[in-house]
Amino acid sequence: MKAFEYAVAKNEKGIHTALARGYTVKAGGIDLLDMLKERIAKTDKVVSILGVESLRGIRETDDHIEIGSLATLAELADDPLVAGLAPSLADSVRHAATPQIRAVATVGGNLCQRPRCWYFRSRDHHCLKKGGSSCFAVEGDNTYHALFGPGPCHIVHPSNLATALRALEGEVVVAGETEKRTVSAADFFAMPDRRMYAENTLEDGEIVLAVRVPKAVGGNAYVDLKEKQSFDWPLASAAVAQVGGRWNVVMGAVAPVPWFAKEASEALREAGGIDAGVAARVADAAIAGAEPMSRNAWRLKLARAAVRRAVLLAAGKEID
Amino acid sequence: MKVDNDVALENRLSRVDALLKVAGAAKYASDQYPAKMIYGKLLRFPYGAGTVKSADADAARAVPGVLEVEIDLAETAKYPGWVIGHIVAENRAAIGDAEEAAALAFDATSAASVADRQYDGAGALDAEAKQRVDDVLGRSAAVVEGTWRTQVQTHSCLETHGTVVDFHGDSADVWGNSQSTFSMLDMAEPLGIDRSAVRVDNEFVGGGFGSKFGIGAEGRLAAQMSKKYKRPCKVMLDRREEHLDAGNRPGSIQYIALGAGEDGRILGGRIDGVSIVGFGRGGGGVTNLGDKRFDNYDLGAYEFTQSEINLNFSKPRAFRAPGWPQAVFALEGAVDELAEKLGIDPVEMRRINYRSARRHKQLGIGAELIGWNRRAPTGSQTGRVRTGFGVAGAMWPVWNTECGAEADIHRTGQVEVRVGVQDIGTGTFTLVTDVAAHELGLDRSLVRGKVGRSSYPQGPGSGGSQVSRAAAPATTHAVRAALADLTKIVAKEWKMKPEDVGYSGGVFTGGAKTLEWRKACALMSGDKITASGRTETGQEGDGTSDCVQFAEVEVDTETGIVRVKRIVAVHAAGVIVNRITIENQICGGVVQGLSYALFENVRLDPNTGAMVNPEFINYKLAGPVDIPEIVPVLDVEEGDTGVRPIGEPATIPTAAAIGNAIANAIGARVRELPMTPERVLAALDTKGAGT
Ligand SMILES: Cc1cc2nc3c(=O)[nH]c(=O)nc-3n(C[C@H](O)[C@H](O)[C@H](O)COP(=O)(O)OP(=O)(O)OC[C@H]3O[C@@H](n4cnc5c(N)ncnc54)[C@H](O)[C@@H]3O)c2cc1C
Ligand code: SF4
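Taken in sequence, the protein lines are chains A and B.
Residue numbers for the first sequence follow my numbering, so the first one is 792 and each next one is one higher.
Residue numbers for the second sequence follow my numbering, so the first one is 23 and each next one is one higher.
Next up, the structure:
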């Protein structure tokens, strides 16, 4: 690992002071330290934000559940408030990674973790996302790459939580040095044509303070399908949620952002009830517009299965 | 004197080194930090083939703490991981900084990274041989024909390869992690000293699986740099190097056409094995099927051919039962398909065709424990999640190898036994301790077994599952010789002939006299008695380690995801010494076999030839949640002689049993490893399409 300067922020102001001086934020450090060890992340200044109390905790406001960006995945998975209102959010992280990682990894870090594309993670492949001139996945091994989206970068977003948050019409509370803003999950994540070198719309100097989920949620469920049952990212996932009476169907691990399945969501909204037939139709609609790459079309079946199951579970039905 | 029968001692005590390992007190090569140590690292070419286009060696040399940078611009690399130079520095961070500063740029040329592009079917037979195959298949009531494929698997040892060498001018200390303590004496060559001047400490080894023989490029660099800088030098591979250039099990493409009679008896046919090796040979291909000595089955009259496909990847190395898991996956799959065609139960099919009577019995034990009677006819289930059962078997031959041992009996009553074999995680410390304690009838706490140093009497390397078989009788001999010397001292004290002194369970007896162990030891005039023992070089030994394994799986037909629910592993391993270590070997073999069956896979980029997954996230290893209940069963019979191999047979049939269970569940066969959701879904599709 490259040697780096290390600072510890005590409060939000301290974080912004460090950011203004070119520091990179470290929360749990699971992803950042990996990136530093591999010398993919080039920073030589790291500020730990773990000591900033105001970013911790999960609380209730009048119309939201607010989750501090430093809440760990384990805390989120075990939170009774979340379990009662938005079980899909807890389920999205309950089996992610491993128990050790969940005890350290944070909500903010999970949303901001960098892609798992093996060319991106390899020093020997200077691809588009790293300022190079081509995407190695197009002609290479794209087994785990995107099923949706035009490119030119074909990563899948690595965060499970992002998928659930998007379906719940969650928001991300973001703070720059002087201003705070709240951005919908739909607008927080960015496709590569909008942002090539980042996966979200955070501006320089901005950090995630918290994420918020509306309390006005109805049935919701999250399902992911994994090759290995631990220490692995999903092959496909889906989150389905009813928010303010409106159904949303979102797929994960299939596109550079949590993928809102428009036709599927509409089909579900119009169905007027959920049974096995509806779930199957919604699932078919979810994968209808896919543009799989040379080696990954088979994953559409998994995406379809994840949607079908999430629809049934969100309606309180058993998976047949 | 034949001592084979005498090592028997069955216990369930925990490993003697368990606490050391759990507490971090066991020092591995990577834990060694002699004063003034420097670090070396090999630089490697990242793609399938090519040359270094440019490098800024001077910038790398200018990094503080860097001692030396060598980059070979003339080198033509032939695989990802090919060594193109090295860096030596005061610390590891400086090495990384120097590598970055060197700004290596490469010219990649086209590389062979896809085996199927080179495969053009089974090798040709001459007209007569072809006629023989046609005849036997023509006579058969059922014929199976198909092509099976297996992937390249890396050894993935927990502890990466590496060495610390401390050169002293006319001698050297070497800390290694080798599967052969004595092969580390090869350090003498790069050091330019006599083999006898090399002292090897190889006490703790974090796994080897066949990949850790000899000193390797890393050991050579450590030796050269220690000599050059007159300081200790450490070179440890990182995980990426470990995948790229520290051994692998070759892949295979196997064509099989087999026929059987109405009665299920296999009549013969054709087997063609292609090994997918790296840029050169090594590590055993699929050749074992052609070797009669290793035959799993009586295959009748069959023609066997074999060849190799070379890829731009590193050479294979021996890997836990070289050649076997790949061959057995294909053959046991084909036999299952034959059974299916003939309407014969797979267990019955094996009773009809396995050579070994031992395995016939094991089939009964395993079938009962797995609940074989719950097995639904293949393809009969219609639910989304389907359960399947499968069986496969294997055997492993026995070698008798030369091995020495030394035993001390101390005046205090303590006993120490030294054998120059090594414990690569298999439990050799425990075996040596338990055998000695048993032989003397003493509590284990009085006995200390030691292995893994070149100053101890020489024994075999950990290959072919022969260490326990050799170390057990050598220990017995040494301990008996030391006991005979102590007996003489007691006899002298009692003024009797040694022949008239008896010994049992820690007590000497002579006429009406008795003397307890510690008191007898206290009679010594000096501090200790030392005696040695050895086993003779054997020819090929008698007996085999036969086994069968049964798998129960659940397949989700909507997603293709396979969950293994249970494995029953029935193994004959001769005389049992320590149950925990032997069951551990069986479970470890099953886990590695399961991981091979479902997950592990070296993926080469079809364009750059780079390995895209040289880590443990996308090079997927079975994790705790993927590992099912494993039921190890030891099949011990009256008349079993000696400790027999277990390390290798335990991993052979697992993938085949799982493959057969999947086929039973879904009524379609996946003929390629790993059996991923993609391939399971494809098999289901093919079935649906009626082909
Ligand atoms: C083996 C393995 C398996 C995994 N499997 C899964 C999985 O299945 N699903 C899944 O979702 N994840 C998975 N992960 C990823 C893991 O959950 C993330 O790496 C982790 O959540 C990151 O959190 P952290 O707090 O450690 O982030 P850090 O490593 O500290 O930070 C990650 C990134 O986010 C930035 N950052 C952190 N906090 C903030 C903030 N408040 N504001 C702005 N930027 C910030 C950092 O600068 C850095 O770039 C897996 C990881 C591993 C190692
Ligand atoms: S998918 Fe994106 S990150 Fe991966 S190689 Fe292509 S451009 Fe790079």
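Even for Gly, the Cβ is constructed at its ideal location relative to N, Cα and C.
Computed from a predicted structure; not experimentally measured.
DSSP places residue 351 (chain B) in the uninterrupted alpha helix (DSSP H) bounded by 346–364. Here residue 155 (chain B) is not near residue 289 (chain B), since their CB atoms are 8 Å or more apart.
Between the alpha carbons of residue 483 (chain B) and residue 943 (chain A) lies a gap of roughly 53 Å.
Between ligand 2 and residue 948 (chain A), a heavy atom-to-CB distance of less than 7 Å is absent.
For the pair residue 207 (chain B) and residue 254 (chain B), the Cα-to-Cα distance works out to about 17 Å. With contacts defined by Cβ atoms closer than 8 Å, residue 410 (chain B) and residue 577 (chain B) form a contacting pair. For ligand 1, a non-hydrogen atom lies closer than 7 Å to the CB of residue 815 (chain A). With contacts defined by Cβ atoms closer than 8 Å, residue 688 (chain B) and residue 603 (chain B) do not form a contacting pair. Contact annotation: residue 938 (chain A) and residue 1008 (chain A) have beta-carbon atoms that are not nearer than 8 Å.
The contact set of residue 1092 (chain A) on chain B, defined by CB atoms closer than 8 Å, consists of 580, 581, 582 and 703 in chain order. With a contact defined as Cβ atoms closer than 8 Å, residue 471 (chain B) and residue 539 (chain B) miss out at about 18 Å. Going by beta carbons, residue 496 (chain B) and residue 556 (chain B) fall inside the 8 Å limit. Against chain A, the beta carbon of residue 623 (chain B) has no neighbour under 8 Å; the closest one sits roughly 10 Å away. Taking the Cβ atoms as the reference, residue 1021 (chain A) lies roughly 15 Å from residue 584 (chain B), outside the contact range of under 8 Å. The beta carbon of residue 271 (chain B) lies closer than 6 Å to those of 175 and 341 in the same chain, with the five residues before and after it left out. DSSP, reduced to helix, strand and coil, places residue 849 (chain A) within a strand of the structure shown. Not a single heavy atom of ligand 1 lies less than 7 Å from the C-beta of residue 1093 (chain A). Excluding sequence positions up to five before and after residue 455 (chain B), its CB lies within less than 8 Å of the CB of 38, 439, 466, 469, 470 and 471, all in the same chain and listed in chain order. One Cα belongs to residue 1019 (chain A), the other to residue 700 (chain B), and the distance between them is close to 13 Å. Its Cα nearest to that of residue 632 (chain B), the residue B:130 stands out among B:287, B:257 and B:130.
For residue 830 (chain A), the C-beta contacts it makes with chain B under 9 Å involve 118, 121 and 122, in order along the chain. Boundaries of the beta strand (DSSP E) harbouring residue 197 (chain B): 194–197, taken from the DSSP string. In the same chain as residue 77 (chain B), and ignoring 5 residues on each side of it, the C-beta atoms closer than 6 Å to its own belong to 93, 124 and 126, in chain order. With respect to chain A, the C-beta atom of residue 658 (chain B) has no partner C-beta closer than 8 Å. The alpha carbon of residue 978 (chain A) has as its nearest neighbour, out of A:884, A:1049 and A:1085, the alpha carbon of A:1049.
Using a CB distance cut-off of 8 Å, residue 962 (chain A) does not count as an interface residue toward chain B.
For residue 93 (chain B), no alpha helix (DSSP H) encloses it; the enclosing beta strand (DSSP E) starts and ends at 88–93.
When the beta-carbon positions are compared, residue 433 (chain B) and residue 573 (chain B) stay at least 8 Å from each other.
Residue 835 (chain A) has its alpha-carbon roughly 26 Å from the corresponding atom of residue 258 (chain B). Sequence-distant partners of residue 325 (chain B) (beyond 5 residues in either direction) whose C-beta falls short of 7 Å from its own C-beta, in its chain, are 147, 151, 154, 155 and 292.
Apart from sequence neighbours up to five positions away, the residues of its chain that approach residue 896 (chain A) with a beta-carbon distance below 7 Å are 819, 821, 863, 864 and 888, ordered along the chain. Proximity of residue 1036 (chain A) to chain B, defined by a Cβ-Cβ separation below 8 Å, is not satisfied.
In this structure, residue 162 (chain B) lies near residue 282 (chain B), with their beta-carbon atoms less than 8 Å apart.
Secondary structure at residue 273 (chain B): strand, using DSSP grouped into helix, strand and coil. Interface annotation, residue 94 (chain B): not in contact with chain A, CB-CB separation never under 8 Å. Not one heavy atom of ligand 1 is found less than 7 Å from the C-beta of residue 332 (chain B).
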